[in-house]
Amino acid sequence: MLQPKTPTTTETTASTTPKSISALGRRSCGLRRPSTPFVSPVMKRPDEGSSKEIYNTPKRSKQDYGNTLLKAPMDLCSKKGDQNEDSLELLARKRELIKIIQTKEESLRKLKLVKMYRNKNDLTQLQSLIDKWRTVSQEAAERLLGKIHMDPQPTMGQLLSNLQVDKELIHYSEDDESFY
Numbered sequence: 100m101l102q103p104k105t106p107t108t109t110e111t112t113a114s115t116t117p118k119s120i121s122a123l124g125r126r127s128c129g130l131r132r133p134s135t136p137f138v139s140p141v142m143k144r145p146d147e148g149s150s151k152e153i154y155n156t157p158k159r160s161k162q163d164y165g166n167t168l169l170k171a172p173m174d175l176c177s178k179k180g181d182q183n184e185d186s187l188e189l190l191a192r193k194r195e196l197i198k199i200i201q202t203k204e205e206s207l208r209k210l211k212l213v214k215m216y217r218n219k220n221d222l223t224q225l226q227s228l229i230d231k232w233r234t235v236s237q238e239a240a241e242r243l244l245g246k247i248h249m250d251p252q253p254t255m256g257q258l259l260s261n262l263q264v265d266k267e268l269i270h271y272s273e274d275d276e277s278f279y
């Protein structure tokens, strides 16, 4: 525990200036350190009969962890002979398996999104809305063609091409020159 520093005479005279008061206020936030460390009345001190072994935990060496996955490939491949070739093959296989897992996880994510969209949006309701908007757009195209007063009256195909509307999307057949 850190013990508080006892002020010297030069520090006490210097601490009365406004500049040093503000600096001290920022550092200590207005709180004084106690002169003795806090001792809990509930817990017993180690020197009062409890052994220090309770509080001390054994230190583990780096060899105890045994995590070879975190070692660099050169550390794994530093063994001689067949072990070197085997470890290189294992590392290559590991990379391949990681790539396979990543592609499978990506496809699984996409499938979950599709499932969520299908559950969220009822497909029959979506199809009825698509049909409704298609009929409204066909009626709007017919009204617009009727409002055009030009000497050579354009066809519905020319009007849709000029407006850059996809004919398949609106279900227009150029062969029959009608909507289907």
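Following my numbering, the numbering of the sequence shown begins with 100 at its first residue and continues without gaps. Beta carbons are placed, not taken as given, at the ideal position from N, Cα and C, and that holds for glycine. These numbers come from a predicted model, not from an experiment.
What do you get for M249, buried or exposed, if any count of 16 or more other CB atoms within 10 angstroms of its CB means buried? exposed
Is there contact here, the region 252-266 with the region 234-244, by at least three beta-carbon pairs under 8 Å? yes
Bridge partners - S277, DSSP secondary structure assignment: S272
Considering just the uninterrupted stretch of the alpha helix (DSSP H) at L187, what are its terminal residues? D181 to K219
Quick check on T223: does DSSP put it in helix, strand or coil? helix
To the nearest angstrom, how far is it from the Cα of H270 to the Cα of N261? 16 Å
If we ignore side chains and look at the alpha-carbon of each, how far apart do K193 and K219 end up? 38 Å
Beta carbon of E273, beta carbon of K266: below 8 Å? yes
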